[in-house]
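Worksheet: one structure, shown below.
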Amino acid sequence: MILKKTHLVLAAAVLAAGSVSCNKDNSETLPTLDGNLYLRGVPTYVKAGDETVFHIEPYGVTHPDGYGIGYRWRLTPPSGSEYTTSKEENGDGDGAFDINIHENSGDTLRTLTLTCEAFADGYSGKSTSYSIVVVASGENGSIQHAGYDFTGSKVSHDGIDYLVYTAPDGKTWMKQNLAYDGEDPDNKVGAPFRDSEAMSDVFGRFYTWEEALGIEPGETPAGGNVQGICPDGWHIPSDEEWTALANATMVYAGYDGWTPIDSSANWAADGYKVSREFMAGEILRDDIQESDDDYDSDIEYGKEARSATFNTDTELWQYVNAVGDPTNRSGISAIPVGYARRTNGMWSFYGNYEYAIFWTSSYDPESGKAICRVINNESPDVYMESHDRSSFAASVRCVKD
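Numbering-wise, full-length UniProt numbering puts 160 at position 160 of the sequence shown, and it's gapless, one number per residue.
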């Protein structure tokens, strides 16, 4: 079954923090340890097969009388109710816990829960749980049903292969978000989702417009194609190119009476659902037998297409009547990774499962702001927006020269 509550997998890393009863006699109400339990060093996302040993440190809880505190840990699945004690309450050390996610849970793409309990004899302890999501890129990766064809053409850039295809406008476009991180490992370009490098080639990276175009602050790109961070022979598409793709897609999709839209305007027209033609998904085949488990539930409910999914069971584009099913006839396979903002060197991330936002190489000559195209899960239109060149970060696709 496809989960409809799409925010389950990519929710905040901290699941819960609170008290846990460590008393031996349930009829007795025990005092609690002081403070709240937190964990330092927990990865939010881990690549399948990653052999890294993560060093997790508990902090924030103290004994009211100044005595020692014990710590025990559990990773579920698969360990069930079994705990591993990293420190007895009178033992040495800080209670830190070393864990290899791959060894403990294998490579199944799923969400794990790491729970830590702080305990002391005669006291009700404190507990906290963090989620860890196991992810992967590629054919058997976290993104499925997105309209990807891994037997098709690819272009390689800095060691990563990207799927490419001939779009309805006749041009060759990237089908996946760019994940290029630059040439300097100590000064990477762009940011991975929630600052987790494990997500870099799953969701792609977020770039400011200046990073995407490879220009200095305040610099204006020269006319013509702008390669920016794209591979040689490719460039950042202009808003005119994005709009030409939209117009060609609507004709290709069979929208009778479609009037071509000019660039520098929203892709919108009464009675037309433009955004779904760019949303990652697959058109369902009506010749599939209803006994086929992969299709019957969707056909039974009259779905024209199904959304791409994350880690098997979470829909990336939740159905909204005004938008319709994600038919993806443009072939762009946009996934709603949201956007990011950089403030004082720190990244914040917003709008996942709501927005897919792509930079263009165009800018507003009056405000100087950079132009992007915005796909929203609740709107049939695709919006043109302008944002700050240095702090707002979005996804990047490349088109062949």
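All residues carry an ideal CB built from backbone N, CA and C; glycine is no exception.
These figures come from a predicted structure and were not determined experimentally.
- A Cβ-Cβ distance of about 20 Å is found for the pair Trp-359 and Asp-195, leaving them out of contact under the 8 Å criterion.
- Within the segment 62-113, the runs of alpha helix (DSSP H) that reach at least 4 residues and sit entirely inside it are, in chain order, 101-105.
- Closest in alpha carbon position to Ala-322, among Val-274, Lys-87, Thr-84, is Val-274.
- Nearest to Glu-28 by C-alpha distance, out of Tyr-123, Thr-76, Pro-78, is Tyr-123.
- The continuous beta strand (DSSP E) containing Leu-163 extends over residues 160-166.
- Taking 8 Å as the upper bound for CB-CB distance, Pro-168 and Ser-330 are in contact here, some 7 Å apart.
- Less than 9 Å divides the Cβ of Ser-395 from the Cβ of Arg-205.
- The beta carbon of Leu-109 lies closer than 7 Å to those of Ala-48, Val-134, Val-135, Ala-136, Ser-142, Asn-311, Thr-312 in the same chain, with the five residues before and after it left out.
- By the Cβ neighbour-count rule, Thr-84 is exposed, with fewer than 16 other Cβ atoms within 10 Å of its own.
- Exclusion of the five residues before and after Asn-376 leaves Ser-275, Glu-354, Tyr-355, Tyr-383 as the residues of its chain whose Cβ lies within less than 8 Å of its Cβ.
- Tyr-272 and Ile-357 have their C-alpha atoms roughly 20 Å apart.
- Excluding the 5 residues flanking it on each side, Val-164 has same chain C-beta neighbours closer than 8 Å at Gly-152, Ser-153, Lys-154, Val-155, Thr-172, Trp-173, Met-174, Lys-175, Lys-400, in chain order.
- Distance from the CA atom of Asn-266 to the CA atom of Asp-239, rounded to whole angstroms, is 11 Å.
- Shown here for Ala-268: same chain residues with a beta carbon closer than 6 Å to its own, the five before and five after excluded, namely Asp-381 in chain order.
- With 16 or more other CB atoms across the displayed protein chains lying within 10 angstroms of its CB, Tyr-162 is buried.
- The C-beta of Glu-117 has 16 or more other C-beta atoms within 10 Å across all chains shown, which makes the residue buried.
- By the Cβ-count criterion, Gly-170 is exposed, with fewer than 16 other Cβ atoms from all chains shown falling within 10 Å of its own Cβ.
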